Structures are given as structure tokens and as C-alpha cells.
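**Student:** For the record, the sequence lines run as chains B and S. If you read the first sequence in the numbering used here, its first letter stands for residue 93, the second for the next number, and so on. If you read the second sequence in the numbering used here, its first letter stands for residue 126, the second for the next number, and so on. Beta carbons are placed, not taken as given, at the ideal position from N, Cα and C, and that holds for glycine. Just so we're clear, the structure is a prediction, and the values are computed from it rather than from any experiment.
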Amino acid sequence: DIQMTQSPSSLSASVGDRVTITCQASQDINNFLNWYQQKPGKAPKLLIYDASNLELGVPSRFSGSGSGTDFTFTISSLQPEDIATYFCQQFDNLPYTFGQGTKLEIK
Amino acid sequence: EVQLVESGGGLVQPGGSLRLSCAASGFTFNTYDVYWVRQATGKGLEWVSGIGTGGDTYYSGSVKGRFTISRENARNSLYLQMNSLRAGDTAVYYCAIGRGGIFDYWGQGTLVSVSS
Numbered sequence: 093d094i095q096m097t098q099s100p101s102s103l104s105a106s107v108g109d110r111v112t113i114t115c116q117a118s119q120d121i122n123n124f125l126n127w128y129q130q131k132p133g134k135a136p137k138l139l140i141y142d143a144s145n146l147e148l149g150v151p152s153r154f155s156g157s158g159s160g161t162d163f164t165f166t167i168s169s170l171q172p173e174d175i176a177t178y179f180c181q182q183f184d185n186l187p188y189t190f191g192q193g194t195k196l197e198i199k
Numbered sequence: 126e127v128q129l130v131e132s133g134g135g136l137v138q139p140g141g142s143l144r145l146s147c148a149a150s151g152f153t154f155n156t157y158d159v160y161w162v163r164q165a166t167g168k169g170l171e172w173v174s175g176i177g178t179g180g181d182t183y184y185s186g187s188v189k190g191r192f193t194i195s196r197e198n199a200r201n202s203l204y205l206q207m208n209s210l211r212a213g214d215t216a217v218y219y220c221a222i223g224r225g226g227i228f229d230y231w232g233q234g235t236l237v238s239v240s241s
């Protein structure tokens, strides 16, 4: 199975800050990488697919980049409603696997 | 509006069985792959199973041979038959729709608890 390693596991930042989360795959996954947001008590929501494509309706402050084994998720200017846990997920190979998540809090 | 509503969760003893259902609406069900993803309390996400538009099925190693996924396009429904349940299967089970491993929309989940 492909292992997805996310860092950091938790992050505290101020409103307006630029926030970056990284995800590393244990092998080359091309650009078959998605990012999801999960707010407490809610289902996950797709934000970014194919490493860098913004899902329809998702604010442009969210972005993704990378290819191969190393990927980055960025919030350009943190908003209070962005408090959530973020997960990366690879879909290059079955079984699909997720990173362990990054819990984002407001400082 | 896309809606996915899971049902069928509950408390079951180890070794028991449960059948989860997911009712879909607001989109053309038979044009999407459908999946089950689970999340133990306070833990991360784990893909469980998927079924393609052509009926091809896929399972994670941890459930293969114990769980069976199926879909009934005429009823816009997805199912997960879970047998030989273990404590480690305790989680919220989400159904999701998508394409080729991209989970576009998720239901709100149903809780499965395996305990004596």
C-alpha cells in the first residue's frame, strides 16, 4: 500500500496568515492526489483534485501543487471558517490511502 | 442538489453482521463510481470499498472476504454487507460518489459499533 505522510499533524495560525501543509507519498503517484477539508462533526469535502485543480465553488485562497512524491496545500490568507482538519489522499493505486490529517486551529 | 443518506448502522456483537445502505438523489447515480470510507472516532480516514459504474468491485485488505459492496441503480442505492465484524471495524461509515478515486460528494455517515 502507498503510505501518505502529512505534516504537520497540527498547526496554529492567525487570521490572514499563509498556511502550508505538505504530503509525501511513499512512491511516485504522478499527480493523483486530492485534498479534503473536514470540519468537526461533518463529512469531508473535496477541495483540490489532481494535485492542483480547485473544485467548483471552493474559494481561490485554497491551492495545491506538486507531483511525484511531494505535494503542498496552501491557504493564502487564513479565515476563521477554515478551522478544520485537512487530509491528502492518493488515487494512483488501490487501495486508496489518506494522510493522517492536519488539524488547523486559530491562534 | 446532491444528497447521500446512509442508514443501517448500530451496535453489533463481534462476529455479527450489518447491512449499510446509502440512498442517493440529485444526480444521475449510474454514471458515478460509489465508495465506502470509514473513520474511527478521533482518527483518520480509511477507504473501505468501491464499485464502478460497470459493477466492478474493490476492497481494502482489511475487509476483503468479509464485506460485500453492491449497488442498485434502479433504486439509486449503494449497499455494504458487513459480516464477521470485529472491534476494529467500529467507525463512522461514509458513502461517497466520485470518479476514479476522487471522492466528489460525501454523505453524513452512519455509526457502526462492534462490541460485546
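For Ile227 of chain S, which residues of its own chain have a beta-carbon under 8 Å away from its beta-carbon, when the five flanking residues on both sides are left out?
**Tutor:** So no residue of the chain qualifies.
**Student:** Measure from the C-beta of Ser238 of chain S to each C-beta in chain B and report whether the shortest distance is under 8 Å.
**Tutor:** Not closer than 8 Å to any Cβ of chain B, the Cβ of Ser238 of chain S fails to qualify, so no.
**Student:** So the candidates are S:Ser241, S:Cys220, S:Lys189 and S:Thr235; which of them puts its Cα closest to the Cα of Val127 of chain S?
**Tutor:** Ranking the options by Cα distance to Val127 of chain S, first place goes to S:Cys220.
**Student:** For Lys131 of chain B, tell me which candidate among B:Met96, B:Asp120, B:Asn185 and B:Pro172 has the shortest Cα-Cα distance.
**Tutor:** Measuring from the Cα of Lys131 of chain B, the nearest candidate turns out to be B:Pro172.
**Student:** Kindly say whether Pro132 of chain B, judged by its beta-carbon, lies nearer than 8 Å to any beta-carbon of chain S.
**Tutor:** Closer than 8 Å: no.
**Student:** Please state whether DSSP places Phe154 of chain S in a helix, a strand or coil.
**Tutor:** Helix, per DSSP.
**Student:** For the beta strand (DSSP E) holding Asp162 of chain B, just list the boundary residues, first then last.
**Tutor:** Asp162 to Ile167 is the extent of the beta strand (DSSP E) around Asp162 of chain B.
**Student:** In the structure shown, what three-state DSSP assignment does Glu173 of chain B receive?
**Tutor:** The answer is helix: DSSP assigns Glu173 of chain B an H, G or I state.
**Student:** Can you find at least 3 beta carbon pairs, one from the segment 154-169 of chain B and one from the segment 146-165 of chain S, that sit closer than 8 Å?
**Tutor:** In short, these stretches do not touch, since the Cβ pair count stays below three.
**Student:** Beta-carbon within less than 6 Å of Ser106 of chain B's beta-carbon, same chain only, minus the 5 sequence neighbours each way: which residues are those?
**Tutor:** Excluding positions up to five away in sequence, the list reads Lys199.
**Student:** Does the separation of the CB atoms of Leu138 of chain B and Asp174 of chain B fall below 8 Å?
**Tutor:** Cβ distance not < 8 Å, so Leu138 of chain B and Asp174 of chain B don't count as in contact.
**Student:** With 8 Å as the threshold, decide whether the Cβ of Leu186 of chain B is near any Cβ in chain S.
**Tutor:** By this cut-off, Leu186 of chain B is an interface position.
**Student:** Mind checking the segment 203-233 of chain S against chain B and listing, in chain order, the residues whose C-beta falls within less than 7 Å of any C-beta there?
**Tutor:** So the list reads Tyr219, Gly225, Gly226, Ile227, Phe228, Asp229, Trp231, Gly232 and Gln233, given in the order they occur along the chain.
**Student:** Distance cutoff 8 Å, beta carbons only. Does Gly186 of chain S sit that close to anything in chain B?
**Tutor:** So yes, Gly186 of chain S belongs to the interface.
**Student:** Which of the three DSSP states, helix, strand or coil, is assigned to Ala105 of chain B?
**Tutor:** Of the three classes helix, strand and coil, the one that applies to Ala105 of chain B here is strand, per DSSP.
**Student:** Cβ of Gly193 of chain B less than 8 Å from any chain S Cβ?
**Tutor:** Yes, contact with chain S.
**Student:** Would Leu218 of chain S and Leu136 of chain S be called neighbours here (beta carbons separated by less than 8 Å)?
**Tutor:** In the sequence as displayed, the identity of residue 218 of chain S is Tyr instead of Leu. Not a contact, by the Cβ cut-off of 8 Å.
**Student:** Are Glu171 of chain S and Thr235 of chain S close, meaning C-beta to C-beta below 8 Å?
**Tutor:** No, they are not a contact pair.
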